[in-house]
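Each residue of the sequence shown is one higher than the last, beginning at 33 in my numbering.
The beta carbon of each residue, even a glycine, is placed where N, CA and C say it ideally should be.
These numbers come from a predicted model, not from an experiment.
Okay, structure first, notes after.
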Amino acid sequence: MADVVAALLPAIAQTNPQDSTPAVMDQRDNQFVPHVIAVRTNTLVHFPNSDNIRHHVYSFSPAKRFELRLYHGTTAEPVLFDKPGQVVLGCNIHDSMLAYIYVVDSDYFAVSDPLGKLELQEIPPGEYQLLIQHPRYGKPLAKTLTVSAGSVDEELIVLAPLQPDPRDIAPATELEALFKRQGQ
33 MADVVAALLP AIAQTNPQDS TPAVMDQRDN QFVPHVIAVR TNTLVHFPNS DNIRHHVYSF
93 SPAKRFELRL YHGTTAEPVL FDKPGQVVLG CNIHDSMLAY IYVVDSDYFA VSDPLGKLEL
153 QEIPPGEYQL LIQHPRYGKP LAKTLTVSAG SVDEELIVLA PLQPDPRDIA PATELEALFK
213 RQGQ
């Protein structure tokens, strides 16, 4: 399954200075690209708009509330994600645009590829909480792990059935469908 976020949270808290490598959540073909990203706490995220129409990006999520009013191109200022948690993104103009940013208090995280595979490398020995999240899974799955020096472990994790993807839900009314067609 694509877009699964796995993060190893150290038992001993880390300090997270601002990450010098910004992340990017683009807008192309009236969609956020990629659909899911994961970033370390205190990372700047750029929101370029590669479409030939304007978008109005926003989030009301507790981990980060913000809005980037109607814009096109790369004029929007990057946003600092300074609290851990799931951030749901939307566009005030195009309701079908939906994406997720997972902000984690760790340097050890990854997002699964289209085949559902991901890899966490160079993990120092110690106690960790493995946190597994997916936009359609609901509550995160947490599991305690011990990483030993020089160990190479493979973990198969089976998730419960997923909730429907909101991007696949048909418009509620003909008027909403008309607006969606006009926005494309």
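With DSSP run on the structure shown, which of helix, strand or coil describes residue i?
i	result
Pro42	strand
Gly117	strand
Val105	The residue you asked about is not Val; residue 105 is Gly in the sequence shown. Here Gly105 sits in strand by DSSP.
Tyr132	strand
Ser180	coil
Leu162	strand
Asp217	What the structure shows of the chain is the stretch from 33 to 216, and residue 217 is not part of that stretch, so it cannot be assessed.
Phe79	coil
Gln216	Annotation note: pLDDT 47 at Gln216 (below 50); position unreliable, coordinate value reported separately. Coil at Gln216, not helix or strand.
Leu152	coil
Val143	strand
Arg72	strand
His67	coil
Tyr19	The chain is shown from 33 up to 216; residue 19 falls before or after that span and cannot be answered.
Val111	strand
Ser138	coil
Gly170	coil
Val37	strand
Round the Cβ separation of residue i and residue j to the nearest angstrom and send it over; I've been treating them as touching at under 8 Å.
i	j	result
Ala95	Val136	Not quite, the Cβ-Cβ distance comes to about 10 Å (not below 8 Å), so this is no contact.
Leu150	Val36	7 Å
Val89	Val143	Not quite, the Cβ-Cβ distance comes to about 20 Å (not below 8 Å), so this is no contact.
Ser93	Val120	5 Å
Met33	Gly170	Met33 to Gly170, Cβ: 14 Å. No contact.
In angstroms, rounded to a whole number, what distance separates the CA positions of residue i and residue j?
i	j	result
Gln161	Gln63	32 Å
Arg60	Ser82	5 Å
Val111	Arg101	13 Å
Pro116	Ala181	28 Å
Val179	Thr53	27 Å
Pro66	Ala45	29 Å
Asp145	Ala38	12 Å
Gln216	Ala43	Note that Gln216 scores a pLDDT of 47, beneath 50, so its modelled location is shaky and nothing firm can be said.
Pro167	Tyr132	7 Å
Ile155	Ile85	43 Å
Leu163	Phe141	9 Å
Leu6	Phe113	Within the shown structure, residues of the chain are numbered from 33 to 216, placing residue 6 beyond reach of any answer.
Leu177	Gln118	22 Å
Lys175	Leu130	28 Å
Pro172	Glu159	19 Å
Ser91	Pro157	36 Å
Thr106	Thr73	23 Å
Select from the options the residue whose C-alpha is nearest the C-alpha of residue i.
i	options	result
His87	Arg72, Phe113, Ala70, His126	His126
Phe98	Glu109, Glu154, Ile164	Glu109
Cys123	Gln153, Ala174, Thr176, Phe79	Phe79
Thr75	Gln165, Gly158, Leu152, Ser138	Ser138
His104	Glu159, Leu152, Asp58, Lys175	Asp58
Gln153	Glu159, Val71, Ser128, Ser183	Ser183
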